[in-house]
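One structure is given below, encoded as structure tokens.
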Amino acid sequence: MYNLSLVMGEQGYEMSHENAHWFLKRGVGYSPVQMLVASIGACGGYVLDSILDKMQISHELKELEMSFELNQESKAKELTSVSMVFHVKLVGTEYDKVLHALTLVHKYCPVMLSLNENIKIEKSIHFITE
Numbered sequence: 010m011y012n013l014s015l016v017m018g019e020q021g022y023e024m025s026h027e028n029a030h031w032f033l034k035r036g037v038g039y040s041p042v043q044m045l046v047a048s049i050g051a052c053g054g055y056v057l058d059s060i061l062d063k064m065q066i067s068h069e070l071k072e073l074e075m076s077f078e079l080n081q082e083s084k085a086k087e088l089t090s091v092s093m094v095f096h097v098k099l100v101g102t103e104y105d106k107v108l109h110a111l112t113l114v115h116k117y118c119p120v121m122l123s124l125n126e127n128i129k130i131e132k133s134i135h136f137i138t139e
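Here my numbering is used: the first residue of the sequence shown is 10, the next is one more, and so on.
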């Protein structure tokens, strides 16, 4: 079992780490929903990077753009969808293999696997050419 501690302070909940303090309150830091969306993206990025490494595809993940929607009809305003665009620079031209790797991300990302199955997650790739 892993442990985390959130401490209520003057600015709201705070998660302390040896290198930083994260405030989980909109307007002061990131809201809990923003942290969840960021966790989805970071996990997906690490998984995609790992899959591409295992496929021996020379690449560089440059950026991940994300957007999300909340259910405005609900009091809880729960997360309903997340859209992610991975900006990937390739050394070669193995575009099809990278797109295939993207289809495997959900299967190996523990954060995505932990979500309610009603949350729609869209993933796409923007290939950077220089």
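Glycine included, each C-beta is placed from N, C-alpha and C at the ideal position.
Distance between residue j and residue i (C-alpha atoms, nearest Å)
| i | j | result |
| --- | --- | --- |
| S133 | V37 | 31 Å |
| K116 | Y104 | 20 Å |
| E23 | M17 | 6 Å |
| V56 | G50 | 10 Å |
| T89 | N80 | 6 Å |
| S40 | L33 | 5 Å |
| K106 | K84 | 42 Å |
| K71 | M10 | 33 Å |
| H109 | Q65 | 14 Å |
Beta strand (DSSP E) segment containing residue i, residue limits
| i | result |
| --- | --- |
| S133 | K129 to I137 |
| S25 | G21 to H26 |
| T112 | First-last for T112: Y104 to Y117, but that is the alpha helix (DSSP H), not the beta strand (DSSP E). |
| V94 | L88 to L99 |
Where residue i falls: helix, strand or coil (DSSP)
| i | result |
| --- | --- |
| M10 | coil |
| S76 | strand |
| S59 | helix |
| G38 | strand |
| L122 | helix |
| M44 | helix |
Those residues which DSSP pairs with residue i across a bridge
| i | result |
| --- | --- |
| M17 | Y22 |
| A29 | H26 |
| L70 | V97 |
Pick from the options that is closest to residue i, judged by C-alpha positions
| i | options | result |
| --- | --- | --- |
| L73 | I128, H109 and V46 | V46 |
| F77 | H68, G21 and V94 | V94 |
| F136 | M121, G101 and C118 | G101 |
| V91 | E82, V120 and M64 | V120 |
| G54 | T138, V114, N125 and N127 | V114 |
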